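Colleague: Below you will find the structure I want to go over with you.
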Amino acid sequence: MRPRVAVITFPGSLDDRDALRAVALMGGEPISVWHAAHDLQGADAVILPGGFSYGDYLRTGAIARFAPVMAAVRTFAESGGPVLGVCNGFQILCEAGMLPGALIRNRGLSFVCRWVNVRVEGTNEVLQIPIKHGEGRFVASEEQLARIESEGRVAFRYCSPDGTLDEAFNPNGASHGIAGLWNESRSVLGLMPHPEHAVDADLGPTGGHHVFQWLLTAAQERVPV
Amino acid sequence: MKYRFEVLVSLKEGLLDPQGKTVQDALPSLGWANVSDVRIGKHIDLVVEADGEPEARAQVEEMARRFLSNPVIEDFRVLQAEGAE
Chain C
277 MRPRVAVITF PGSLDDRDAL RAVALMGGEP ISVWHAAHDL QGADAVILPG
327 GFSYGDYLRT GAIARFAPVM AAVRTFAESG GPVLGVCNGF QILCEAGMLP
377 GALIRNRGLS FVCRWVNVRV EGTNEVLQIP IKHGEGRFVA SEEQLARIES
427 EGRVAFRYCS PDGTLDEAFN PNGASHGIAG LWNESRSVLG LMPHPEHAVD
477 ADLGPTGGHH VFQWLLTAAQ ERVPV
Chain S
138 MKYRFEVLVS LKEGLLDPQG KTVQDALPSL GWANVSDVRI GKHIDLVVEA
188 DGEPEARAQV EEMARRFLSN PVIEDFRVLQ AEGAE
């Protein structure tokens with residue numbers, strides 16, 4: 277049976293359609309779940325998509341984190357269920373305290389929309405994935421950063437095309453060049469780049485495959501045999 | 138009783154405030170070369186109905202901590218304002 281992947285739509289989500297399509301393309305069964313829902317319809321994985329939930333009022337993700345569905349997402353994650361937050365989804369996970377740190381206005385103030393390279397930490401693999409955000413600069417306290425690093429929880433860092441880490445390739449000023457990060461148990465992954473826009477070879481690079489392969493593999497383990 | 142409060146939310150010291158920096162950088166060209174430490178934050182005005190000022194204030198402190206500010210990046214102050222009914 278194909279793993280069922282719930283894509284949550286908040287008022288103001290933009291990339292939920294692309295996420296649903298990417299799940300299907302990568303071999304999963306996409307399910308659309310509205311933010312006011314109280315359950316995840318038996319999903320084996322969850323995606324919090326990009327966009328501007330609740331207009332990004334107050335702070336990015338600050339209001340979405342209190343949406344009814346988030347209680348179910350939290351319970352699901354605590355049971356080890358895989359949760360992927362992309363861009364606004366990453367911001368929501370940080371606001372919800374399901375990932376450490378916060379995402380603030382980009383260094384240089386500009387909205388950045390372009391393809392970037394990110395290095396898969398722990399490997400030499402470089403993925404090409406697009407970013408499009410105004411508030412994607414990851415920050416955390418010194419203690420939190422030290423803990424994230426010592427626990428090897430950085431998933432992706434911005435890098436050059438050959439995988440070199442350098443501030444010149446950091447598009448938003450993120451601390452330690454962090455583009456994506458895991459929670460303690462590695463069931464929750466948040467990242468600013470958009471893997472759902474990088475899965476179809478007819479449309480460009482397919483750096484997003486790596487992320488969806490993790491999500492669907494982790495989801496498959498939860499499918500009843 | 139109704140009590141009016143102001144909640145001031147500011148970026149933590151040490152965090153770059155690009156908005157504040159841009160304004161600060163613009164001030165010398167307008168003739169104010171003597172300004173430093175410009176920080177831009179949020180000002181939230183609200184009225185709370187409660188049985189007394191301490192209870193109203195406790196609720197505002199709680200909403201500021203849980204929702205109006207993000208403790209990772211921001212500090213807040215709660216001020217009681219004129220205009221309680």
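Protein chains in written order, with the numbering used here: chain C, 277 to 501; chain S, 138 to 222. Beta carbons are placed, not taken as given, at the ideal position from N, Cα and C, and that holds for glycine. It should be emphasised that the depicted structure is a prediction, and the values quoted were computed from it without experimental measurement.
#1: Taking 7 Å as the limit between beta carbons, can you name the residues of its chain near residue 439/C, skipping five residues before and five after?
#2: Starting from the beta carbon of residue 207/S, find every residue of chain C whose beta carbon is closer than 8 Å, and list them in chain order.
#3: Shorter than 7 Å from the beta carbon of residue 381/C to some beta carbon of chain S?
#4: Give the DSSP-derived three-state secondary structure of residue 482/C in the structure shown.
#5: Any C-beta of chain S sitting closer than 7 Å to the C-beta of residue 385/C?
#6: Examine the Cβ distances between the region 467-485 of chain C and the region 188-204 of chain S and report whether three or more of them are shorter than 8 Å.
#7: By the criterion of Cβ-Cβ separation under 8 Å, what are the contact partners of residue 415/C in chain S?
#8: Answer yes or no: do residue 362/C and residue 321/C have a C-beta to C-beta separation smaller than 7 Å?
#9: Runs of 4 residues minimum, wholly inside the region 294-382 of chain C: which ones carry the alpha helix (DSSP H) assignment?
#10: Roughly how many angstroms lie between the CA atoms of residue 388/C and residue 183/S, to the nearest whole one?
#11: For the region 189-207 of chain S, which residues have a beta carbon sitting closer than 9 Å to at least one beta carbon of chain C?
#12: Establish whether the CB of residue 165/S and some CB of chain C are separated by less than 7 Å.
#13: Look at the Cβ atom of residue 454/C, then the Cβ atom of residue 415/C, and state whether they are nearer than 7 Å.
#14: Helix, strand or coil for residue 137/S, going by three-state DSSP, please let me know.
#15: Taking 8 Å as the threshold, find out whether the region 367-376 of chain C comes into contact with the region 323-337 of chain C through three or more Cβ pairs.
#16: Residue 458/C: buried (16+ other C-beta within 10 angstroms of its C-beta) or exposed?
#17: List the DSSP bridge partners of residue 183/S.
#18: Residues in the same chain with beta-carbon distance under 8 Å from residue 433/C, minus the five sequence neighbours each way, listed in chain order, please.
#19: Note down, one range per segment and in chain order, each beta strand (DSSP E) of at least 3 residues found wholly within the region 386-439 of chain C.
#20: Between the Cα of residue 302/C and those of 499/C, 500/C, 341/C, 485/C, spot the shortest distance and give me the residue it belongs to.
#21: Who are the near neighbours of residue 149/S in its chain, counting only those whose CB is closer than 7 Å to its CB and skipping five residues on each side?
#22: Can you give the beta carbon distance from residue 177/S to residue 154/S, rounded, assuming they're within the 8 Å contact cut?
#23: Helix, strand or coil for residue 474/C, going by three-state DSSP, please let me know.
#24: Between the C-alpha atoms of residue 265/C and residue 427/C, what's the straight-line distance to the nearest angstrom?
#25: How long is the line joining the alpha carbons of residue 347/C and residue 483/C, rounded to whole angstroms?
#26: Compute the Euclidean distance between the alpha carbons of residue 468/C and residue 139/S, then round it to the nearest angstrom.
Modeller: Taking the coordinates as given:
#1: Taking the first residue of the first sequence as 1, we reach residue 439/C at position 163. Cβ within range, chain order: 395, 400, 402.
#2: By 1-based counting over the second sequence, the position of residue 207/S is 70. Within chain C, the residues near residue 207/S are 335, 338, 371, 378.
#3: In the first sequence, the residue the question calls residue 381/C occupies position 105. With 7 Å as the cut-off, residue 381/C counts as an interface residue toward chain S.
#4: Along the first sequence, read from residue 1 onward, the residue named residue 482/C stands at position 206. The answer is coil: DSSP assigns residue 482/C none of H, G, I, E or B.
#5: For the purposes of this step, residue 385/C is identified with residue 109 of the first sequence, where counting begins at 1. At least one chain S Cβ lies under 7 Å of residue 385/C.
#6: no
#7: Indexing the first sequence from 1 puts residue 415/C at position 139. By Cβ distance, chain S contributes 152, 209, 210.
#8: Translated into the one-based positions of the first sequence, residue 362/C becomes position 86. Translated into the one-based positions of the first sequence, residue 321/C becomes position 45. No.
#9: The qualifying runs are 345-354, 364-371.
#10: Working through the first sequence from its first residue, we reach residue 388/C at position 112. Working through the second sequence from its first residue, we reach residue 183/S at position 46. Their backbone Cα atoms lie some 35 Å apart in a straight line.
#11: Answer in chain order: 204, 205, 206, 207.
#12: As a first step, residue 165/S must be located in the second sequence, where it is residue number 28. Output row for residue 165/S: interface = no.
#13: Here residue 454/C corresponds to residue number 178 of the first sequence, with the count starting at 1. Here residue 415/C corresponds to residue number 139 of the first sequence, with the count starting at 1. Not a contact, by the Cβ cut-off of 7 Å.
#14: With chain S covering 138 to 222 only, the question about residue 137/S has no answer from this structure.
#15: yes
#16: Against the first sequence, residue 458/C aligns to sequence position 182. So residue 458/C counts as buried.
#17: The residue labelled residue 183/S in the question sits at position 46 within the second sequence. Bridge partners of residue 183/S: 142/S.
#18: The residue labelled residue 433/C in the question sits at position 157 within the first sequence. Same-chain partners within the cutoff: 394, 395, 397, 441, 452, 453, 454, 455.
#19: 388-396, 402-409, 413-415, 430-435
#20: Here the question's residue 302/C lines up with position 26 in the first sequence. It is 485/C whose Cα lies nearest to the Cα of residue 302/C.
#21: Residue 149/S sits at position 12 when you count from the first residue of the second sequence. These residues qualify, in order along the chain: 210, 211, 212.
#22: Taking the first residue of the second sequence as 1, we reach residue 177/S at position 40. Taking the first residue of the second sequence as 1, we reach residue 154/S at position 17. The pair is a contact, with the Cβ atoms about 6 Å apart (cut-off 8 Å).
#23: The sequence position of residue 474/C within the first sequence is 198, counting from 1. Here residue 474/C sits in coil by DSSP.
#24: Residue 265/C lies beyond the range of chain C shown here (277 to 501); nothing can be said about it.
#25: Stepping through the first sequence from its first residue, residue 347/C is reached at position 71. Stepping through the first sequence from its first residue, residue 483/C is reached at position 207. Approximately 31 Å, taken between the alpha carbons.
#26: Against the first sequence, residue 468/C aligns to sequence position 192. Against the second sequence, residue 139/S aligns to sequence position 2. Distance between the alpha carbons of residue 468/C and residue 139/S: 43 Å.
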